[in-house]
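Asks: Here it is, the structure, as C-alpha cells.
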Amino acid sequence: MKAFEGFEDMEPWFGLEQEFTPFNLDTKTPLGWPEGGMPNRPQGPYYCSVGPENNCGRAITDAMYKACLYAGIAISGTNGEVMPGQQKY
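In terms of our numbering, the sequence shown is residues 1058 to 1146.
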C-alpha cells in the first residue's frame, strides 16, 4: 500500500471506537437523566464527563474495561461523551 511506503520497518496500529448509552431499568431513560425528562443543564459540562457530578455510569464503564483486559482484548481507555450517560471505549 502506497501510504506505508518507506515505513516497512514499522508496524501499523488500528483503532476502533465504540460509543454506548446505558439505560435505567425502565428501559426508556438514559442513565443519569431524570425520569421522563431531560437534564436541566446544557451538554457542555458533561463533555468527557469531567467531575463525578457529570459522569453517569462510570462504574459500568470501568467494569467493562477490566472485563476486556481480563479477556485479553487490547483496549487503551475509556471516556464519557457529550450526552449525560453516554460512554465510549
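Cβ coordinates follow ideal geometry from the N, Cα and C atoms, glycine included.
Leaving aside the five residues before and after PRO1096 along the sequence, list all residues of the same chain whose C-beta is less than 8 Å from its C-beta, in chain order.
Replies: Position 39 of the sequence shown, counting from 1, holds the residue named residue 1096. These residues qualify, in order along the chain: GLY1089, TRP1090, TYR1103, PRO1141.
Asks: Is PRO1069 near THR1078, with beta carbons less than 9 Å apart?
Replies: Residue 1069 sits at position 12 when you count from the first residue of the sequence shown. Residue 1078 sits at position 21 when you count from the first residue of the sequence shown. No. Outside cutoff.
Asks: Just to confirm the assignment, what range does the alpha helix (DSSP H) spanning ALA1116 have?
Replies: Residue 1116 sits at position 59 when you count from the first residue of the sequence shown. Start and end: 1115 to 1127.
Asks: Excluding the 5 residues flanking THR1135 on each side, which residues of the same chain have their C-beta closer than 6 Å to its C-beta?
Replies: Within the sequence shown, residue 1135 is the residue found at index 78, counting from 1. Excluding positions up to five away in sequence, the list reads THR1118, TYR1122, TYR1146.
Asks: Excluding the 5 residues flanking ASN1112 on each side, which residues of the same chain have their C-beta closer than 7 Å to its C-beta?
Replies: Stepping through the sequence shown from its first residue, residue 1112 is reached at position 55. Only SER1106, GLY1137 meet the Cβ criterion.
Asks: Could you name the residues of the same chain whose beta carbon sits closer than 7 Å to that of ASN1081, not counting the 5 residues immediately before and after it, in chain order?
Replies: Locating residue 1081 in the sequence shown gives position 24, counting from the first residue. Once the five neighbours on either side are set aside, the close Cβ partners of ASN1081 are LEU1088.
Asks: Can you round the beta-carbon distance between GLY1114 and GLN1144 to whole angstroms, since I take them to be within the 8 Å contact cut?
Replies: In the sequence shown, the residue the question calls residue 1114 occupies position 57. In the sequence shown, the residue the question calls residue 1144 occupies position 87. Indeed, because the Cβ distance is near 6 Å, the residues count as touching under 8 Å.
Asks: Quick check: the Cα distance between GLY1094 and GLY1063, rounded to an integer number of angstroms?
Replies: Looking up residue 1094 in the sequence shown gives position 37. Looking up residue 1063 in the sequence shown gives position 6. If you take the alpha carbons of GLY1094 and GLY1063, they lie about 55 Å apart.
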